[in-house]
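Trainee: Protein chains in written order, with my numbering: chain W, 497 to 784; chain E, 66 to 339; chain U, 7 to 289.
We treat Cβ as the ideally placed atom computed from N, Cα and C, and that holds for glycine.
1) Please go through the same chain and pick out, in chain order, the residues whose beta-carbon is closer than 7 Å to the beta-carbon of residue 784(W), but skip the five residues on each side of it.
2) Please report the straight-line C-alpha distance between residue 294(E) and residue 286(E), rounded to a whole angstrom.
3) Distance check for residue 244(U) and residue 711(W), CA to CA, integer angstroms please.
4) Per DSSP, which residues does residue 346(E) bridge with? Please list them.
5) Any idea what DSSP makes of residue 530(W), helix, strand or coil?
6) Give every residue of the same chain whose Cβ lies closer than 6 Å to the Cβ of residue 744(W), excluding the five residues on either side of it in the sequence, and list them in chain order.
7) Quick one: which unbroken beta strand (DSSP E) runs of 3-plus residues sit fully inside the stretch 637–701 of chain W? Chain order, please.
8) Using only alpha-carbon positions, find the residue among 540(W), 565(W), 545(W) that is nearest to residue 529(W).
9) At what residues does the alpha helix (DSSP H) containing residue 341(E) begin and finish?
10) If I'm right that residue 693(W) touches residue 553(W) with Cβ under 8 Å, what's the distance once you round it to whole angstroms?
11) At a cut of 8 Å, does the stretch 254–270 of chain E reach the stretch 126–135 of chain U through at least three beta carbon pairs?
12) Pop quiz: residue 76(E) and residue 141(E) are said to be a contact at Cβ under 8 Å. What is the actual Cβ separation, rounded to whole angstroms?
13) Verify whether the separation of the beta carbon atoms of residue 116(U) and residue 329(E) is less than 8 Å.
14) Does the distance from the CB of residue 596(W) to the CB of residue 187(E) come in under 8 Å?
15) State the Cα-Cα distance for the pair residue 336(E) and residue 97(E), rounded to the nearest angstrom.
16) Residue 46(U): buried (16+ other C-beta within 10 angstroms of its C-beta) or exposed?
17) List the DSSP bridge partners of residue 723(W).
18) May I have the straight-line CA-CA distance separating residue 223(U) from residue 215(U), to the nearest angstrom?
19) Determine the burial state of residue 280(E): buried for a count of at least 16 other Cβ atoms within 10 Å of its Cβ, exposed for fewer.
20) Keeping to the same chain, check which residues put their C-beta closer than 8 Å to that of residue 559(W); ignore five residues upstream and five downstream.
21) Hey, how far is the Cα of residue 517(W) from the Cα of residue 326(E)?
22) Can you look up residue 184(E) in the DSSP assignment and give me helix, strand or coil?
23) With H, G and I counted as helix, E and B as strand and the rest as coil, what does DSSP make of residue 152(U)?
24) So which of 141(U), 71(U), 80(U), 219(U) has the shortest CA-CA distance to residue 78(E)?
25) Is there a Cβ of chain W sitting closer than 8 Å to that of residue 276(E), yes or no?
26) Write down every uninterrupted run of the beta strand (DSSP E) in the stretch 503–567 of chain W whose length is 3 residues or greater and which is fully enclosed by it, in chain order.
27) Does DSSP put residue 784(W) in a helix, in a strand, or in coil?
28) Identify the contact partners of residue 255(U) in chain W, using a Cβ-Cβ distance below 8 Å as the criterion.
29) Taking the continuous alpha helix (DSSP H) assigned at residue 226(U), which residues delimit it?
30) So which residues of chain W does residue 179(U) contact, with C-beta pairs closer than 8 Å?
31) Using a Cβ-Cβ cutoff of 7 Å, what residues of the stretch 605–618 of chain W are near chain E? List them in chain order.
32) Short check: CB of residue 606(W) to CB of residue 688(W), under 8 Å?
33) Can you name the residues of chain E whose CB is closer than 9 Å to the CB of residue 785(W)?
34) On the DSSP bridge assignment, give the partners of residue 90(U) in chain order.
35) Who does residue 152(E) pair with in a DSSP beta bridge?
36) Closer than 7 Å by beta-carbon distance: list the chain C residues that pair up with residue 298(E), in chain order.
The structure is reproduced here in structure tokens:
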């Protein structure tokens, strides 16, 4: 078992306390994240996902509860929360809207420079981050504003990777991208996770993406933590998810319905490849 | 923080004031402010205070929002108040250094603060009860005669409409960008003034880029909806019609003016009325 | 009758750049629901911008509702017939109040007061947003904003509705809301052109046009287009998982039909397969 890297204990976030607009965005949420794991976070718009992830890197102070990074309370008096933000990197939705520098290189270097690293180290980090996000070296001197939408997104993500976060949180990193762009970005993220042995938290509306990448899934509904279990287990509870108005991968849904039609020996599957293996096993086919 | 700014905000509703014609609301507000500056005794201010309170109650918008609207002006109010107190004639009550404070000064300071408060409140009443579109529409129509002097009244009104529409969007965007840069280790809270000003660059540039992109897209979207500027046969969704409400409002303001002028002449306190 | 008729259209944004559209021909029939599918940069949005004269052809011709769209045409007249909805709902809402925004086009067209109010009411009803008529636009959800934008176009009573990735920035709920509205319009006889890169949305159309590198790559019914999964993959597109599964089963030698689109179709094929009713090669 890997070690716990981030721990949330009884997190509560109340907005506008004492006003008629009082709203509990996150309600008593506790969980642990382990080193080098890939966790998917699913839930409706307004389920508290974005509040929760901003609490994890110290941008929002929880009304109640504690967050521990490597065992240390991040809201303790002398805790360096700017350092925390480089350790727990957060890629916001549509991160390309935060680009501001003249060149791609300078923009990616913004994070590492804020960390107070020396120029040599900054240059190294920039190079690595560009490699992880599949940005060609030729783009170094280009203006980030002249790139295509997909490339801008990569530069923005590289800006976070260059801080070399131990936990990488991504809020809808593929929103608005076409299928090819989506799968490339997710492959980049997986590569970062593998090479840096980092923890990844992926917030997504695409159940197919979550199913294909995450090993555990956290389900939020109206600020409450509804499920936290292996991806298999969570999507096997497809009917519950659908009752919450959440979707499940199409292939999982198809297999659930086949089971309801009497094919009870079928397991729950997460991808078409897995579905093929199951069908082969059940029909006793075996490979040619 | 940024969200505390309420002036210029609109609270939908259907109160008496919401349903008045925006043109008469604008005119009557100007009239009211003039009346406000005519008042100069405790009694006339009492009357103005009571009528303003009544108008605020009529809007059926929580008092809290009005108070919040006053907050950003606190400094200006205190500053002008103190200036007024220190620089007015009258029998000195006490003196220190080069200043002398008199009853007269204290009262004129109080009146000055009251004037500003009431003025802000009545302007809030106008913006809180009138949708920005109605407000700019009303202004456009009131200023229409200026088009004969080749003033592009319609264009200004359209610019206002769009600016008002995008204020909340851009505020939200500012907050998002700030958080995104904080997540990259940006520090807006410490360091010298120069450093802090420099720290704003990562916020301002993305904000400008985004505002220009929005403007471009909006322009295309407006063209797609057949917008061609101020065409002759352009019609309006909101037809402005004066009703009995506007008559009541006008009579109310006229009565208020008469009341203030009359009360100004009643001297209750020696030295207070001039 | 063709509502949109594009012939040999070529276009580039400036003389120094490459052609974004290369010799594209396409027609859309009255009452048809056409999806234009393609990856980012395939030219699909640029094509859409020719339908109401935001872009004008460098070569070739574009005709909508019998009017040709070029530098000499009355673009306001074209735009009244061909309504256009864009990706970012925030950047196409002009007014701060819902009903006033929906009325914007009608104000510009000089529609008289009573007629304008009637059309605004109808348009809001059509997108199921009547309840929000007097609400502030900026407080709505993405899906609601997009429906307001659609209502604003619908109020002009256009002949064709062109939507340029209207769901790209929405969450699943918002996407479903918008698609539902489109189906309702389609059933009522409206011609719809939906630009998208979402396969599940394209699958709901009568016909799909796949764009790649500024050219029409593939065109036909959803069943036909999704049979070509290999080709779609090669140009950076995707197929629904149900279609992908059929594809994989074929590779395994099962004689399953490739033209699978809906979940129901897929389930009934798998039902057959599990019951041993589908043959397999090589066994």
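Mentor: Considering the structure as presented:
1) The sequence position of residue 784(W) within the first chain is 288, counting from 1. Below a pLDDT of 50, predicted positions are generally treated as unreliable, and residue 784(W), at 41, falls in that range; the measurement from the model is reported next regardless. Contacts found: none.
2) Residue 294(E) sits at position 229 when you count from the first residue of the second chain. Residue 286(E) sits at position 221 when you count from the first residue of the second chain. Spanning the two alpha carbons is a distance of roughly 14 Å.
3) Counting from one through the first chain, the residue named residue 711(W) turns up at place 215. Counting from one through the third chain, the residue named residue 244(U) turns up at place 238. If you take the alpha carbons of residue 711(W) and residue 244(U), they lie about 23 Å apart.
4) Since the first and last residues shown for chain E are 66 and 339, residue 346(E) lies out of range.
5) Stepping through the first chain from its first residue, residue 530(W) is reached at position 34. Of the three classes helix, strand and coil, the one that applies to residue 530(W) here is strand, per DSSP.
6) Along the first chain, one-based indexing puts residue 744(W) at 248. So the qualifying residues of the chain are 703, 731, 734, 737.
7) 663–667, 695–699
8) Here residue 529(W) is taken as the residue at index 33 of the first chain, counted from 1. Checking every option, the nearest Cα to that of residue 529(W) belongs to 565(W).
9) Only positions 66 to 339 of chain E appear in the structure, and residue 341(E) is not among them; the question remains open.
10) The residue you call residue 693(W) lines up with position 197 of the first chain. The residue you call residue 553(W) lines up with position 57 of the first chain. With 8 Å as the limit, residue 693(W) and residue 553(W) do not qualify as a contact, their Cβ atoms being about 19 Å apart.
11) no
12) To locate residue 76(E), count along the second chain from 1; it is residue 11. To locate residue 141(E), count along the second chain from 1; it is residue 76. With 8 Å as the limit, residue 76(E) and residue 141(E) do not qualify as a contact, their Cβ atoms being about 24 Å apart.
13) Start at 1 with the first residue of the third chain, and residue 116(U) comes out as number 110. Start at 1 with the first residue of the second chain, and residue 329(E) comes out as number 264. No; because the gap between Cβ atoms is not below 8 Å, this pair is not in contact.
14) Looking up residue 596(W) in the first chain gives position 100. Looking up residue 187(E) in the second chain gives position 122. Their beta carbons are not under 8 Å apart, which means residue 596(W) does not touch residue 187(E) by this criterion.
15) Here residue 336(E) refers to the residue found at position 271 of the second chain. Here residue 97(E) refers to the residue found at position 32 of the second chain. Residue placement at residue 336(E) is poorly supported in this model, since its pLDDT is 49, which falls under 50; the coordinates are not used for a value here.
16) Within the third chain, the letter at position 40 stands for residue 46(U). Label assigned to residue 46(U): buried.
17) To locate residue 723(W), count along the first chain from 1; it is residue 227. Residue 723(W) pairs with 715(W).
18) Indexing the third chain from 1 puts residue 223(U) at position 217. Indexing the third chain from 1 puts residue 215(U) at position 209. Roughly 8 Å separates the two Cα atoms.
19) The residue labelled residue 280(E) in the question sits at position 215 within the second chain. The residue is exposed, with fewer than 16 neighbouring Cβ atoms inside 10 Å.
20) Start at 1 with the first residue of the first chain, and residue 559(W) comes out as number 63. The answer, listed in chain order, is 508, 509, 510, 513.
21) The residue given as residue 517(W) occupies position 21 in the first chain. The residue given as residue 326(E) occupies position 261 in the second chain. Taking the straight line from one Cα to the other gives about 44 Å.
22) Reading the second chain from its first residue, position 119 is the one you call residue 184(E). Three-state DSSP puts residue 184(E) in a helix.
23) Residue mapping note: residue 152(U) aligns to position 146 of the third chain, counting from 1. DSSP places residue 152(U) in helix when its eight states are reduced to three.
24) As a working mapping, residue 78(E) is identified with position 13 in the second chain. Closest option to residue 78(E), Cα to Cα, is 141(U).
25) Within the second chain, residue 276(E) is the residue found at index 211, counting from 1. No, its Cβ sits nowhere closer than 8 Å to a Cβ of chain W.
26) 519–530, 534–538, 560–565
27) Locating residue 784(W) in the first chain gives position 288, where the first residue counts as 1. Residue placement at residue 784(W) is flagged as unreliable, the pLDDT there being 41, under the threshold of 50; the coordinate-derived value follows with that caveat. Three-state DSSP puts residue 784(W) in coil, outside helix and strand.
28) Along the third chain, one-based indexing puts residue 255(U) at 249. The answer, in chain order, is 772, 775.
29) Taking the third chain and counting its residues from 1, one reaches residue 226(U) at position 220. Residue 226(U) -> not in any alpha helix (DSSP H); beta strand (DSSP E) instead, spanning 221–226.
30) Here residue 179(U) refers to the residue found at position 173 when the third chain is read from its first residue. Per Cβ cutoff of 8 Å: 540, 541, 741.
31) For the stretch 605–618 of chain W, which is checked against every Cβ of chain E, the residues closer than 7 Å are 606, 607, 610, 611.
32) As a first step, residue 606(W) must be located in the first chain, where it is residue number 110. As a first step, residue 688(W) must be located in the first chain, where it is residue number 192. In this structure, residue 688(W) does not lie closer than 8 Å to residue 606(W) by Cβ.
33) Nothing can be reported for residue 785(W): it is not among the residues displayed for chain W, which extend from 497 to 784.
34) Your numbering for residue 90(U) matches position 84 in the third chain. Answer by DSSP bridge pairing, in chain order: 168(U).
35) Along the second chain, read from residue 1 onward, the residue named residue 152(E) stands at position 87. Note: residue 152(E) sits in no beta bridge, so no partner.
36) As a matter of chain content, chain C is missing from the structure shown, whose protein chains are W, E and U.
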